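Chemist: Note that the protein sequences, when read in sequence, are chains A and B.
Counting along the first sequence from 1, when you hit position 99 you're at 232 in my numbering, and nothing is skipped either side.
Counting along the second sequence from 1, when you hit position 66 you're at 199 in my numbering, and nothing is skipped either side.
There are 2 protein chains.
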Amino acid sequence: MKKRKFFLTKAIFDIYRNSLAYISSRVAQFGIGRGQWYFINHLLFGRDGISQEQLSKELFVDSAHTARAVKKLEDGGFVFRKPDLRDARKKNVYVTEKAIAIKDDYHKLYQDLNKILVDGFTPEELKLVRSFFYRMRKNIVSYMGNSERDFPR
Amino acid sequence: MKKRKFFLTKAIFDIYRNSLAYISSRVAQFGIGRGQWYFINHLLFGRDGISQEQLSKELFVDSAHTARAVKKLEDGGFVFRKPDLRDARKKNVYVTEKAIAIKDDYHKLYQDLNKILVDGFTPEELKLVRSFFYRMRKNIVSYMGNSERDFPR
DNA sequence: ATAAATTAGTTGACTAATCAACTATATTTT
DNA sequence: AAAATATAGTTGATTAGTCAACTAATTTAT
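1. By Cβ distance, which residues of its chain are closer than 8 angstroms to I145 of chain B, with the 5 residues on each side in sequence left out?
2. R214 of chain B lies in the alpha helix (DSSP H); which residues open and close that run?
3. Three-state secondary structure (DSSP) at K223 of chain A?
4. Determine, using beta carbons only, whether V228 of chain A comes closer than 8 angstroms to chain B.
5. Using a threshold of 8 angstroms, state whether the C-beta atoms of L250 of chain B and I156 of chain B are closer than that.
6. Taking the alpha-carbon of L176 of chain B as reference, which of B:R222, B:F213, B:K248 and B:S275 has the nearest alpha-carbon?
7. Using the beta-carbon of each residue, which ones in chain A are nearer than 7 angstroms to L246 of chain B?
8. Can you give me the C-alpha to C-alpha distance between M277 of chain A and F266 of chain A, rounded to a whole angstrom?
9. I need the boundaries of the alpha helix (DSSP H) containing S184 of chain B, first residue and last residue.
10. Does any CB atom of chain B fall closer than 8 angstroms to the CB of I145 of chain A?
11. Against chain A, which members of the stretch 163-191 of chain B pass a CB distance test of less than 7 angstroms?
12. Determine the direct distance from the alpha carbon of V203 of chain A to that of R159 of chain B, and round the result to whole angstroms.
13. So with CB distances below 7 angstroms, who are the chain B contacts of S152 of chain A?
14. Does the beta-carbon of S152 of chain B have 16 or more other beta-carbons within 10 angstroms, so that it is buried, or is it exposed?
15. How should D147 of chain B be labelled, buried or exposed, when 16 other C-beta atoms within 10 angstroms of its C-beta is the threshold for buried?
16. When we look at the beta-carbon of I233 of chain B and count the other beta-carbons within 10 Å, is it buried (16 or more) or exposed?
17. Please name the residues in the stretch 251-270 of chain A whose beta-carbon is closer than 8 angstroms to at least one beta-carbon of chain B, in chain order.
18. Hey, how far is the Cα of R286 of chain B from the Cα of L261 of chain B?
19. Give the secondary structure of V287 of chain B by DSSP, where H, G and I count as helix, E and B as strand, and everything else as coil.
20. Could you check how far apart the C-beta atoms of Q185 of chain B and A200 of chain B are, in whole angstroms? I think they sit under 8 angstroms.
21. Grab me the residues of I183 of chain B's own chain with a C-beta within less than 7 angstroms of its C-beta, minus the 5 sequence neighbours each way, in chain order.
22. Closer than 8 angstroms, Cβ to any Cβ of chain B: which residues of the stretch 216-240 of chain A, in chain order?
The following block contains the structure:
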């Protein structure tokens with residue numbers, strides 16, 4: 134079996150797919166689908182009330198997808214939408230009590246996944262991991278013309 | 134703007150999405166779709182002739198998707214399939230001359246993306262990046278019950 | 001040797017995600 | 001001020017990807 138060159142993209146791809154499988158199978162218990170978890174995550178953990186457009190930008194997904202995903206979350210009672218007071222085109226998305234009620238369980242999911250990913254890493258290595266990921270993200274996001282300044286990490 | 138906790142999953146997700154956008158828009162010129170590039174990549178760079186089942190395992194995707202993606206690549210002239218000599222259920226997938234003809238250009242795409250991702254990293258940091266990614270991938274893949282021993286990185 | 005269970009790939013049904021086109025609203029240009 | 005252009009969200013069409021059910025081939029159990 135021939136030794137292959139290490140492709141960063143393959144590793145990213147593999148980590149992503151496995152992480153996605155992990156999360157998706159677990160958010161189902163909350164009645165949240167594979168295509169919505171990251172929206173509610175984003176809203177629950179600090180970005181409540183932002184517009185759909187901003188959600189699209191911050192999650193690097195298409196507005197069509199955002200509109201549909203947010204609608205599903207709204208139908209499921211996890212969010213509600215209100216037009217922006219200064220711009221009637223904009224719809225701001227807010228979490229409901231139902232969403233807040235699962236916040237801790239939800240958060241635990243992420244922590245558990247995080248622990249799996251960094252199992253065996255020293256605290257010093259963890260610092261490096263964070264730094265490297267932040268920098269790589271910044272590199273690709275900037276390159277693709279997406280502004281990362283618009284939102285915090 | 135409130136400072137948020139750094140979630141590794143969000144960084145992975147962001148890097149993945151932006152990288153996917155980068156690759157997908159560029160492989161289109163070869164007549165390869167968003168859902169197929171990583172299959173042909175895998176075959177071109179060292180795994181020519183493996184079965185569909187193995188492709189699914191190594192790429193962490195569902196056999197239904199593999200069957201369809203491989204069929205598209207076959208229809209596009211990039212691969213051909215042959216039944217395995219020892220197990221009539223298995224179909225092995227091979228690259229064609231057409232695929233080999235684009236190998237270098239294809240490879241350049243990956244290198245360019247890699248350069249973008251690791252821009253500003255020192256050689257020492259690069260070594261760490263590789264090690265960290267390898268370990269994290271191993272962590273999640275093992276946790277999910279997928280064997281990484283079956284294929285090299 | 002035969003029956004039962006498992007496996008590899010395919011097809012169906014569904015959700016997810018992108019690209020395109022559109023409408024209403026807002027901003028910029030004339 | 002009116003016209004032209006850009007923007008935010010929605011809908012349509014399409015591709016991608018998963019879960020489920022199925023068939024044919026293989027392996028395991030009886």
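For glycine and all other residues, C-beta sits at the position ideal for the given N, C-alpha and C.
Note that this is a predicted model, so its numbers are computed, not measured.
Modeler: The structure says:
1. none
2. Where R214 of chain B is concerned, there is no enclosing alpha helix (DSSP H), although the beta strand (DSSP E) it sits in stretches over V212 to P216.
3. coil
4. no
5. no
6. B:F213
7. T142
8. 16 angstroms
9. Segment: none, S184 of chain B is in no alpha helix (DSSP H) and carries neither H nor E.
10. yes
11. Y171, F178 and G179
12. 30 angstroms
13. T142, I145 and I273
14. buried
15. buried
16. exposed
17. V251, D252, G253, F254, E258, L261, V262, R263, F265, F266, Y267, R268, M269 and R270
18. Unreliable positioning characterises R286 of chain B in this predicted model, as indicated by a pLDDT of 35, which lies under 50. A coordinate reading is not provided.
19. It is not possible to answer for residue 287 of chain B, since the shown part of chain B is limited to 134 through 286.
20. 6 angstroms
21. N225 and V226
22. none
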